[in-house]
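Heads up: the protein sequence lines correspond to chains A and B, in order. Numbered per my numbering, the first sequence spans residues 7 to 320. Numbered per my numbering, the second sequence spans residues 7 to 320. We treat Cβ as the ideally placed atom computed from N, Cα and C, and that holds for glycine. As structure tokens, the structure follows; a few thoughts come after it.
There are 2 protein chains.
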Amino acid sequence: MKPYAFGIDIGGTTVKCGFFNSDGTFVEKWEIPTRKEDDGAMILPDIAEAIKAKLAEHGVSMDDVEGIGVGVPGPVLDDGVVNGCVNLGWGVFNVAEKLSGLLGDVPVQVGNDANVAALGEQWLGGGKGFKNVVMVTLGTGVGGGIIIGGKILAGSHGAGGEIGHIQMRKNETAVCGCGKKGCLEQYASATGIVRMSKILLEKDKNDSSLRSLAEITSKDIFDAAKTGDALSLKLVDTLGEMLGTALAHITAVVDPDVIVIGGGVSKAGQILLDAIEKHYRPVAFHACRSTQFKLAVLGNDAGMYGAVRMVLNR
Amino acid sequence: MKPYAFGIDIGGTTVKCGFFNSDGTFVEKWEIPTRKEDDGAMILPDIAEAIKAKLAEHGVSMDDVEGIGVGVPGPVLDDGVVNGCVNLGWGVFNVAEKLSGLLGDVPVQVGNDANVAALGEQWLGGGKGFKNVVMVTLGTGVGGGIIIGGKILAGSHGAGGEIGHIQMRKNETAVCGCGKKGCLEQYASATGIVRMSKILLEKDKNDSSLRSLAEITSKDIFDAAKTGDALSLKLVDTLGEMLGTALAHITAVVDPDVIVIGGGVSKAGQILLDAIEKHYRPVAFHACRSTQFKLAVLGNDAGMYGAVRMVLNR
Numbered sequence: 007m008k009p010y011a012f013g014i015d016i017g018g019t020t021v022k023c024g025f026f027n028s029d030g031t032f033v034e035k036w037e038i039p040t041r042k043e044d045d046g047a048m049i050l051p052d053i054a055e056a057i058k059a060k061l062a063e064h065g066v067s068m069d070d071v072e073g074i075g076v077g078v079p080g081p082v083l084d085d086g087v088v089n090g091c092v093n094l095g096w097g098v099f100n101v102a103e104k105l106s107g108l109l110g111d112v113p114v115q116v117g118n119d120a121n122v123a124a125l126g127e128q129w130l131g132g133g134k135g136f137k138n139v140v141m142v143t144l145g146t147g148v149g150g151g152i153i154i155g156g157k158i159l160a161g162s163h164g165a166g167g168e169i170g171h172i173q174m175r176k177n178e179t180a181v182c183g184c185g186k187k188g189c190l191e192q193y194a195s196a197t198g199i200v201r202m203s204k205i206l207l208e209k210d211k212n213d214s215s216l217r218s219l220a221e222i223t224s225k226d227i228f229d230a231a232k233t234g235d236a237l238s239l240k241l242v243d244t245l246g247e248m249l250g251t252a253l254a255h256i257t258a259v260v261d262p263d264v265i266v267i268g269g270g271v272s273k274a275g276q277i278l279l280d281a282i283e284k285h286y287r288p289v290a291f292h293a294c295r296s297t298q299f300k301l302a303v304l305g306n307d308a309g310m311y312g313a314v315r316m317v318l319n320r
Numbered sequence: 007m008k009p010y011a012f013g014i015d016i017g018g019t020t021v022k023c024g025f026f027n028s029d030g031t032f033v034e035k036w037e038i039p040t041r042k043e044d045d046g047a048m049i050l051p052d053i054a055e056a057i058k059a060k061l062a063e064h065g066v067s068m069d070d071v072e073g074i075g076v077g078v079p080g081p082v083l084d085d086g087v088v089n090g091c092v093n094l095g096w097g098v099f100n101v102a103e104k105l106s107g108l109l110g111d112v113p114v115q116v117g118n119d120a121n122v123a124a125l126g127e128q129w130l131g132g133g134k135g136f137k138n139v140v141m142v143t144l145g146t147g148v149g150g151g152i153i154i155g156g157k158i159l160a161g162s163h164g165a166g167g168e169i170g171h172i173q174m175r176k177n178e179t180a181v182c183g184c185g186k187k188g189c190l191e192q193y194a195s196a197t198g199i200v201r202m203s204k205i206l207l208e209k210d211k212n213d214s215s216l217r218s219l220a221e222i223t224s225k226d227i228f229d230a231a232k233t234g235d236a237l238s239l240k241l242v243d244t245l246g247e248m249l250g251t252a253l254a255h256i257t258a259v260v261d262p263d264v265i266v267i268g269g270g271v272s273k274a275g276q277i278l279l280d281a282i283e284k285h286y287r288p289v290a291f292h293a294c295r296s297t298q299f300k301l302a303v304l305g306n307d308a309g310m311y312g313a314v315r316m317v318l319n320r
């Protein structure tokens, strides 16, 4: 294996760039802005220039680069074709081929950002030491990534691990961002628990420390729950019920060693895991009932780690 | 590759044996009884003897056998360890090692019977030409098998594809064979639809051709539905709702090319696919909304095909 590799995580605002030794340790990490003008036409050339400049800075030749792994916020097929990224302005094209062409045909592997973050956590984070991992990312939405035998399950339409859109309630009237009603994301994301808090504060007339807040965040709800606020505990329990039930569905299908919970909401810590596990264990298939739950540990670096892992573990 | 291989499908009553050319065509298929006495201690020796006799009959040496694939009715780990088979009287042991030892250390691969049948259908049946397949087997229970990139997703506890135990109803009072309540299997299996018919015939006072039957089978229900019997149509619709919803959960996780429906209930044909698809499409994640549904085509031979495929596609 060649001594160096890059892990690139393209987000809607910045591109996180990691220059790695091929043992998975950082040489350096840095960020560049994501230029979304002209349908994101400059994003890949910007990345190519950044990589060339970094190599020059360190006096390293492209011949010493094993490859470049890239995470993108959209569906990705196995061959590196991205099936449109609304956030970047991208349509359908082969990102792997394009970036490789800009960098002297160096090998490029592309994955969906949630899947790539899952791979990072499986490799060096909350799922370290396990080969089959389900990762759930609780942020603005609910993302997911499935790692089987140390590889990303990308799916036939790049929709592998899109667990945020499992329908959890048939009688929901609010519409999810995906157009359906009753998606897991509507209850178990940062946005979802805040949405649920508004409904509950309206319906439940009991006192709650949440009522004094001008604007409620998911952190506020978990903080209040930790101090014993009954209404907040109820909200956390509902999130746990939705996620625990959905995860029981998921483990009956892919039966992982471990479930890793990440994203901003996971900063709530043990109270979150407890709420999920409480509802997961009774409904999980018996062989999966004792599947471990772990918190993610790599934070915002998970994408870079997972991206570089794709080229180091082809 | 060596010119021959065996595919063995161990059932509770008979062991289906397939002697294959390594291109996947049968030389011959036959059955032997499954001797379950003494905790199933004779099952593997019986299979070993049957294989030796078949080779002698055809004048073929064990040196010309690429390997032996075996499907067993219980959870199987990647290394060939079977985690107990209640139906066979087996506890936990390495079936691959044991059978290989009885046959001069020929390579043996072992898989769960539902997973192996899914692999057979993916290779040469309803999923032919696709690499990512979800197979559902609707028989006495609801079995499932997930094929990703042409390989079985066995899972960390041998529970990959155990989709019959996804919880579909939280308010169910009847208990599933697994000990939980509200499992897919309680609604979508042959037993499940018959169970539901009894409940509906009690509750719904309208006329139905089912009322004239001394004992109702799932075939009776589908046959009556095909003639327009309203109550039977309702039962088929409920089965479709349960299975369609569960499959929407499943495709959001593994995103297959195709969903193959097999098992005895699938003999109902298009009416079954229509009922499932009607409920699947509106709740499926948009990228998976047009995922194809197909009927299984290999019938009882799927297990033998899938078993031999494990050794021909290692």
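Helix, strand or coil, according to DSSP, for residue i in the structure here?
i: lysine 204 of chain A; result: helix
i: lysine 8 of chain A; result: coil
i: aspartate 15 of chain B; result: strand
i: threonine 244 of chain A; result: helix
i: isoleucine 172 of chain A; result: coil
i: valine 289 of chain B; result: helix
i: threonine 40 of chain B; result: coil
i: glycine 77 of chain A; result: strand
i: glutamate 178 of chain A; result: coil
i: valine 271 of chain B; result: helix
i: leucine 109 of chain A; result: coil
i: threonine 197 of chain B; result: helix
i: threonine 143 of chain A; result: strand
i: glycine 97 of chain B; result: strand
i: lysine 157 of chain B; result: strand
Just the Cα atoms here: how many angstroms apart are residue i and residue j?
i: glycine 183 of chain A; j: glycine 198 of chain A; result: 11 Å
i: glycine 46 of chain A; j: isoleucine 53 of chain A; result: 12 Å
i: threonine 40 of chain A; j: isoleucine 49 of chain A; result: 6 Å
i: glycine 156 of chain B; j: lysine 42 of chain B; result: 33 Å
i: serine 4 of chain A; j: threonine 257 of chain A; result: Nothing can be reported for residue 4 of chain A, as the shown portion of chain A is limited to 7 through 320.
i: proline 9 of chain A; j: leucine 105 of chain A; result: 20 Å
i: leucine 130 of chain B; j: isoleucine 154 of chain B; result: 15 Å
i: isoleucine 158 of chain A; j: arginine 320 of chain A; result: 11 Å
i: glycine 30 of chain B; j: glycine 188 of chain B; result: 40 Å
i: glycine 292 of chain B; j: glycine 250 of chain B; result: According to the sequence shown, residue 292 of chain B is histidine rather than glycine. If I take the Cα positions, the gap works out to 14 Å.
i: alanine 236 of chain B; j: threonine 244 of chain A; result: 38 Å
How about residue i: is its C-beta nearer than 9 Å to some C-beta of chain B?
i: aspartate 226 of chain A; result: no
i: glutamine 115 of chain A; result: no
i: aspartate 263 of chain A; result: yes
i: serine 162 of chain A; result: yes
i: phenylalanine 291 of chain A; result: yes
i: lysine 104 of chain A; result: no
i: proline 79 of chain A; result: no
i: alanine 124 of chain A; result: no
Using a Cβ-Cβ cutoff of less than 6 Å, which residues in the same chain neighbour residue i once the five nearest sequence positions on both sides are dropped?
i: glycine 312 of chain B; result: Val122, Ala123, Leu125 and Gly126
i: aspartate 263 of chain B; result: Phe136 and Asn138
i: tryptophan 36 of chain B; result: Cys23
i: alanine 274 of chain B; result: Phe228
i: alanine 59 of chain A; result: none
i: valine 87 of chain A; result: Asn100
i: valine 242 of chain B; result: Ala231 and Ala281
i: valine 271 of chain A; result: Leu144, Ala196 and Ser224
Among the residues of its own chain, which have a CB less than 8 Å from the CB of residue i, if the five just before and after it don't count?
i: histidine 163 of chain A; result: Pro81, Leu83 and Asn89
Hey, is residue i's beta-carbon within less than 9 Å of any beta-carbon in chain A?
i: asparagine 89 of chain B; result: yes
i: valine 112 of chain B; result: no
i: glutamine 173 of chain B; result: yes
i: threonine 244 of chain B; result: no
i: alanine 258 of chain B; result: yes
i: leucine 61 of chain B; result: no
i: phenylalanine 136 of chain B; result: yes
i: lysine 186 of chain B; result: yes
i: glycine 166 of chain B; result: yes
Cβ of residue i versus every heavy atom of the ligand FMN: is any distance shorter than 8 Å?
i: asparagine 89 of chain A; result: Absence of the ligand FMN is noted for the structure shown, with no ligands found whatsoever.
Which residues in the same chain have their Cβ closer than 7 Å to the Cβ of residue i, if we skip the five residues on either side of it in sequence?
i: methionine 68 of chain A; result: Leu61, Leu109, Gly110 and Val112
i: aspartate 119 of chain B; result: Asp15, Gly77, Val78, Pro79 and Gly309
Could you tell me whether the region 199 to 207 of chain B touches the region 284 to 297 of chain B, where touching means 3 or more Cβ pairs closer than 8 Å?
no
Does the contact criterion of 3 or more C-beta pairs under 8 Å hold for the region 143 to 156 of chain A versus the region 166 to 183 of chain A?
yes
Using 8 Å as the threshold, is the region 215 to 230 of chain B in touch with the region 246 to 260 of chain B, meaning 3 or more CB pairs across them?
no
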